[in-house]
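Protein chains in written order, with the numbering used here: chain A, 1 to 221; chain B, 1 to 221.
Don't be surprised by glycine CBs; every beta carbon is placed ideally from N, CA and C.
Nothing here was measured: the structure is a model prediction, and the numbers come from that model.
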């Protein structure tokens, strides 16, 4: 399984003990991955910063920061770790193991960062950067720079402010379904240009985001 | 002057326009250093993380993070930038210039980070890391890992926790002297490894800190 992980990373460790350490949660008692994670977190941030810098030559620094925060957040890392089946290779204490620690997003994300740190340690930054880019370039390619990591309500607000237009209001139109499975419908109302868009979601907030997203779509046409 | 700066950095730019951009504050209107600063900040964090990782093999991740935060904070960067006379080379708008922008810590720190970013961009991470290490290794060498911004009792506790060992107990051994000038002696008792260290101080707390400091010294050997 360790072999398969290395294939998926596109990197073969020359120091297998370092690979094992990167996969060792602190609950296992052995030399664990906490220090490697510290190192790997900085490698990841730097390699993703470079990827975004190169991919979006026109974006200002604030947008690059926001995009990076989105890419390196725990959920994204855990998704990548899951795709790499890192959980199958984790070493952890009995307690963590029994409580499903090998599926815990924080543990998976930390292990992924630790792998980057271990590669940096044994083979240098460029080798670690290649592995990071192999995993993140597909995500960078999917980014819509206009979205730039902001939620739709914030985007809409900024868009309107940049055009010196009044801000939107959100109105709850309806709530349907049982308490545990509700569906909300919300309208986003713009005074100028006069526009009403409608969004739905499992929460009022989600419905507002959906409505704002529709409004952004219309305004950006 | 630009030549002197490159000498001080120990690095000669192959793309002079990139060096100029790194030294250009946004107030100047020209292509400025904000995006390079984004890149350079991550290079700095990564290179300093590696320096600390190598220098302090026994420190847990939390201590490494704290030490790094201290090294890369604005005041430290501005001090380094001042020593490099970066202010003499800055390009900025009339207004900033007149209000002494070339002495402003935030502007100096940003320019220093931008220089790291520019080197990363044109010559790769290792070249940038060499420059960062040239500037920061002397600061790393001055660090007393036992100080690391924490009191000795906290350090000892974290050291023991990182090795999954039982926590210490502190026992008052003696109190001497008059009420206004007492001297306390305390023992710090570790079960595993079996160790008793003794500390003295003007207060019970000071004596405990002293004893913990002795214990840390023994454990970190």
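State the Cα-Cα distance for the pair residue i and residue j, rounded to the nearest angstrom.
i              : j              : result
residue 17(A)  : residue 206(B) : 42 Å
residue 176(A) : residue 105(A) : 32 Å
residue 172(A) : residue 194(A) : 18 Å
residue 198(A) : residue 170(A) : 10 Å
residue 74(B)  : residue 102(B) : 15 Å
residue 123(A) : residue 212(A) : 47 Å
residue 225(B) : residue 196(B) : Nothing in the structure corresponds to residue 225(B), since chain B is present only between 1 and 221.
residue 91(B)  : residue 217(A) : 40 Å
residue 31(A)  : residue 110(A) : 15 Å
residue 182(A) : residue 153(A) : 21 Å
residue 164(B) : residue 116(A) : 25 Å
residue 98(A)  : residue 180(B) : 57 Å
residue 155(B) : residue 133(B) : 26 Å
residue 119(B) : residue 127(B) : 7 Å
residue 69(B)  : residue 100(A) : 33 Å
residue 19(A)  : residue 58(B)  : 19 Å
residue 145(A) : residue 178(A) : 38 Å
Tell me which same chain residues have a C-beta within less than 7 Å of the C-beta of residue i, skipping the five on either side of it?
i              : result
residue 89(B)  : 1, 2, 5, 23
residue 157(A) : 167
residue 191(B) : 166
residue 112(B) : 77, 80, 81, 86
residue 96(A)  : 25, 27
residue 204(A) : 172, 184, 186
residue 151(A) : 209
residue 219(B) : 159
residue 162(B) : 60
residue 15(B)  : 122
residue 143(B) : 67
Can you find a CB in chain B that lies within less than 8 Å of the CB of residue i?
i              : result
residue 137(A) : no
residue 188(A) : no
residue 11(A)  : no
residue 123(A) : no
residue 88(A)  : no
residue 17(A)  : no
residue 104(A) : no
residue 65(A)  : yes
residue 39(A)  : yes
residue 100(A) : no
residue 49(A)  : yes
residue 145(A) : no
residue 61(A)  : yes
residue 199(A) : no
Using 8 Å for Cβ pairs, my map puts residue i next to residue j. What's the rounded Cβ distance?
i              : j              : result
residue 71(A)  : residue 136(A) : 6 Å
residue 81(A)  : residue 108(A) : 4 Å
residue 131(A) : residue 10(A)  : 6 Å
residue 209(A) : residue 201(A) : 7 Å
residue 84(A)  : residue 8(A)   : 5 Å
Report all residues from its chain with a CB closer than 6 Å to the CB of residue i; omit the five preceding and five following residues, and keep chain order.
i              : result
residue 114(A) : 22, 33, 36, 37, 40
residue 188(B) : 168, 170, 197, 211, 212, 215
residue 93(A)  : 27, 28
residue 129(B) : 47
Is the Cβ of residue i closer than 8 Å to any Cβ of chain A?
i              : result
residue 170(B) : no
residue 116(B) : no
residue 158(B) : no
residue 113(B) : no
residue 127(B) : no
residue 46(B)  : yes
residue 43(B)  : yes
residue 35(B)  : yes
residue 164(B) : yes
residue 96(B)  : no
Note down, in chain order, every chain C residue with its Cβ under 8 Å from the Cβ of residue i.
i              : result
residue 133(A) : Reference to chain C is not applicable here, since the protein chains of this structure are A and B.
Among residues of its own chain, excluding the 5 on either side of residue i, which ones have a beta-carbon nearer than 8 Å to its beta-carbon?
i              : result
residue 64(A)  : 49, 52, 53, 56
residue 139(B) : 71, 76
residue 62(B)  : 158
residue 174(A) : 184, 185
- Message: Between the region 22-41 of chain B and the region 44-58 of chain A, can you find at least three pairs of beta-carbon atoms closer than 8 Å?
- Response: yes
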